[in-house]
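Note that the numbering used here has the sequence shown beginning at 1, numbered continuously upward.
Just so it is clear, CB atoms sit at the ideal spot from N, CA and C, and this is done for glycine as well.
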Amino acid sequence: MRIGIVTFWQSDDNYGQQLQCWALQRYLKKLGHEPFLIRYLYKESVWRKWLKIMVKTALIYPLLGWWRHREVRRMEAVNRVKNKVRRFEEFRDNHINQTQRIYGTLKELRLDPPVADVYIGGSDQIWHPVLLRWKDSRAFWLDFGGDRVRRIAYAASFGVDKCPSGLQAELSGRLSRFDALSVREESGVSICQAAGKEAVHVLDPTLLLSKDDYLSLMEDIPGKFSPYMYIYSINISKKEDIRWSELRGFAEREGLSLIVTPASGYLPGRELFEGVEYRYATIPEWLSLIRYSGFVVTTSFHGVVFCICFHKPFIYFPLSGTHAKGNSRVLNLLSKLSLSDNVWKVPGDFERIYNLPVDWDKVEELLAPLRDKSVSFLKQVLS
Numbered sequence: 001m002r003i004g005i006v007t008f009w010q011s012d013d014n015y016g017q018q019l020q021c022w023a024l025q026r027y028l029k030k031l032g033h034e035p036f037l038i039r040y041l042y043k044e045s046v047w048r049k050w051l052k053i054m055v056k057t058a059l060i061y062p063l064l065g066w067w068r069h070r071e072v073r074r075m076e077a078v079n080r081v082k083n084k085v086r087r088f089e090e091f092r093d094n095h096i097n098q099t100q101r102i103y104g105t106l107k108e109l110r111l112d113p114p115v116a117d118v119y120i121g122g123s124d125q126i127w128h129p130v131l132l133r134w135k136d137s138r139a140f141w142l143d144f145g146g147d148r149v150r151r152i153a154y155a156a157s158f159g160v161d162k163c164p165s166g167l168q169a170e171l172s173g174r175l176s177r178f179d180a181l182s183v184r185e186e187s188g189v190s191i192c193q194a195a196g197k198e199a200v201h202v203l204d205p206t207l208l209l210s211k212d213d214y215l216s217l218m219e220d221i222p223g224k225f226s227p228y229m230y231i232y233s234i235n236i237s238k239k240e241d242i243r244w245s246e247l248r249g250f251a252e253r254e255g256l257s258l259i260v261t262p263a264s265g266y267l268p269g270r271e272l273f274e275g276v277e278y279r280y281a282t283i284p285e286w287l288s289l290i291r292y293s294g295f296v297v298t299t300s301f302h303g304v305v306f307c308i309c310f311h312k313p314f315i316y317f318p319l320s321g322t323h324a325k326g327n328s329r330v331l332n333l334l335s336k337l338s339l340s341d342n343v344w345k346v347p348g349d350f351e352r353i354y355n356l357p358v359d360w361d362k363v364e365e366l367l368a369p370l371r372d373k374s375v376s377f378l379k380q381v382l383s
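As structure tokens, then:
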């Protein structure tokens, strides 16, 4: 079957976003289907852009100070230059089947919908409640195409633990056209039930595949065998978010060099650390950096996923403040795989976790039924 997929896809530096898109296509191809990415580029309305500018000008910039605003703008400009080295667009062109056309509005999708037997929405936070307020975001709820096209959600995420009560009716309406629903977080099951729809909790698409699938992307990447610790720096605003003083001191004592890849998530990527080697890696290079590292430090869900995939020792630093909501899916996964001890909790934890033995056979044993459940969902709804 031809399967059109709607998800977030346009990042120039978020490795997890690109790999979840690639992984779902890879798995669907294994099932004998013809998946492709529907390149929908959600655009803010003109009035909303002006509203944001007015709010920033009147409220945010005076509080932050113009100097800080200028620093953020400078950082974004620097990132645009450095992100070219990552070659994400080249990866999409070479490894992800996609529509030739980029759709900019819901109207464009409705007037000329991609030809497919099935539309899939997911993965990623394509169902965040903020998007419920704007009509064009209905594209993420697959509100286009004919009635004969089956509509399925795979590992779609709301990005919150519950939907605001004032948006329940809108959500219920948007879910009404779906033939089958699955969500990335357990909280998403409850949100769907509150909207009158049943949903299944499934794994992120990156966990549907085996190590060998990812090795196929890395065939031409030489390994780096000198001992190093790899830091995937995403959603970090200051050095001590990952206990930098403790981490650096330990690396020096152990004779480990430090390699850092900054990336953007809730926050733009930044070069925060001194005395390290910064690598603006391509996607195959990023996978290789994890594979050949002696130890991985991350605040990222997908950073954790690929440590599990390559059986790499790691430490997860939970996010704090307004971004702490992003911890739940990581902590939930680690709990199910008996890896909760890899989460930093108190000062001095770094050395304990670095020396922590991991029974990877047990991890794979615990992961297998979760993967089987996710695979069964896809096979059943696509049969």
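Legend entry - Where S45 sits in the DSSP three-state scheme: Start at 1 with the first residue of the sequence shown, and residue 45 comes out as number 45. Legend: pLDDT at S45 = 48, less than 50; position of this residue unreliable, value from coordinates given subsequently. For S45, the secondary structure class from DSSP, reduced to helix, strand or coil, is coil.
Inset, instruction - Please classify V55: is it buried, with 16 or more other beta-carbons within 10 angstroms of its beta-carbon, or exposed? - result: Counted from its first residue, the sequence shown places residue 55 at position 55. Per-residue confidence for V55 stands at a pLDDT of 46, beneath the threshold of 50, marking its modelled position as unreliable; the derived number appears in the next sentence. Within a 10 Å sphere around the beta-carbon of V55 sit fewer than 16 other beta-carbons, which makes this residue exposed.
Inset, instruction - Could you tell me the distance, in whole angstroms, from the CA atom of K49 to the CA atom of D12? - result: Looking up residue 49 in the sequence shown gives position 49. Looking up residue 12 in the sequence shown gives position 12. In this prediction, K49 has a pLDDT of 47, which is less than 50 and means its spatial position is unreliable; nothing more can be read from the coordinates.
Legend entry - Beta-carbon proximity list for S300, same chain, < 6 Å, skipping 5 on both sides: Here residue 300 refers to the residue found at position 300 of the sequence shown. Scanning its chain for C-beta atoms nearer than 6 Å, with the 5 sequence neighbours on each side dropped, one finds around S300 the residues Y232 and I234, in chain order.
Inset, instruction - Could you spell out the range, first to last residue, of the alpha helix (DSSP H) harbouring Y214? - result: Within the sequence shown, the letter at position 214 stands for residue 214. Annotation for Y214: the continuous alpha helix (DSSP H) segment containing it runs K211 to L215.
Legend entry - Reduced DSSP category for P164 - H, G, I as helix; E, B as strand; rest coil: As a first step, residue 164 must be located in the sequence shown, where it is residue number 164. The three-state reading of DSSP puts P164 in coil, since its state is none of H, G, I, E or B.
Legend entry - Own chain residues within Cβ distance below 7 Å of I391, not counting five before or after: With the chain running from 1 to 383 in the structure shown, residue 391 is simply not present.
Inset, instruction - Under 6 Å Cβ to Cβ from I53, same chain only, skipping five residues before and after it: list those, please. - result: To locate residue 53, count along the sequence shown from 1; it is residue 53. Bear in mind that the predicted position of I53 carries a pLDDT of just 45, short of 50, making it too unreliable to give a figure here.
Inset, instruction - Would you check if there are 3 or more beta carbon pairs closer than 8 Å linking the segment 316 to 325 to the segment 170 to 187? - result: A contact between stretches requires three or more CB pairs, one per stretch, nearer than 8 Å, and the segment 316 to 325 fails this requirement with the segment 170 to 187.
Legend entry - Classification of V130 by the beta-carbon crowding that lies within 10 angstroms, buried from 16 upward: The residue you call residue 130 lines up with position 130 of the sequence shown. Looking at its Cβ environment, which holds fewer than 16 other Cβ atoms inside 10 Å, V130 is exposed.
Inset, instruction - Figure out for me which residue from E108, F36 and V149 has the closest Cα to the Cα of D416. - result: Nothing about residue 416 can be read from this structure; the chain reaches only from 1 to 383.
Legend entry - Every unbroken beta strand (DSSP E) inside the segment 128 to 165 [3 residues or more]: 150 to 153, all fully within the segment 128 to 165.
Legend entry - Rounded straight-line distance, which links the Cα of V200 to that of R138: Within the sequence shown, numbered from 1, the residue matching residue 138 stands at position 138. Within the sequence shown, numbered from 1, the residue matching residue 200 stands at position 200. Straight-line Cα distance between these residues: approximately 21 Å.
Inset, instruction - Kindly indicate which three-state DSSP category Q380 falls into: helix, strand or coil? - result: Your numbering for residue 380 matches position 380 in the sequence shown. Helix at Q380.
Legend entry - Local conformation of S182 per DSSP, three classes: As a first step, residue 182 is located in the sequence shown; it is residue number 182 there, counting from the start. Looking at S182 - three-state DSSP - the assignment turns out to be strand.
Legend entry - Opening and closing residue of the alpha helix (DSSP H) in which I245 lies: The residue you call residue 245 lines up with position 245 of the sequence shown. Reading off the sequence, residue 245 comes out as Ser, not Ile. Here the alpha helix (DSSP H) through S245 covers W244 to E254.
Legend entry - Three CB pairs or more closer than 8 Å across the segment 12 to 24 and the segment 274 to 291: Segments in contact, yes.
Inset, instruction - Within its chain, find whatever has a CB closer than 6 Å to the CB of W47; leave out the 5 residues flanking it on each side and keep chain order. - result: The residue you call residue 47 lines up with position 47 of the sequence shown. Bear in mind that the predicted position of W47 carries a pLDDT of just 37, short of 50, making it too unreliable to give a figure here.
Inset, instruction - Just mark D143 as buried or exposed, buried being the case when its beta carbon has 16 or more other beta carbons within 10 Å. - result: Here the question's residue 143 lines up with position 143 in the sequence shown. By the neighbour-count rule (16 or more Cβ atoms within 10 Å), D143 is buried.
Inset, instruction - Take the Cβ of L41 as the centre, count every other Cβ of all protein chains shown within 10 Å, and call the residue buried at 16 or more, exposed below. - result: In the sequence shown, counting from the first residue as 1, residue 41 sits at position 41. Under this definition L41 is an exposed residue.
Inset, instruction - Express the C-alpha separation of R253 and P347 in angstroms, rounding to a whole number. - result: Mapped onto the sequence shown, residue 347 falls at position 347. Mapped onto the sequence shown, residue 253 falls at position 253. Each residue's Cα considered, the two are about 17 Å apart.
Legend entry - Helix, strand or coil at P35 according to DSSP, with G and I counted as helix: Counting from one through the sequence shown, the residue named residue 35 turns up at place 35. Shown here, P35 sits in a strand according to DSSP, grouped into three states.
Legend entry - Extent of the continuous alpha helix (DSSP H) run through S288: Position 288 of the sequence shown, counted from the start, is the residue given in the question as residue 288. Segment I283 to R291, the alpha helix (DSSP H) holding S288.
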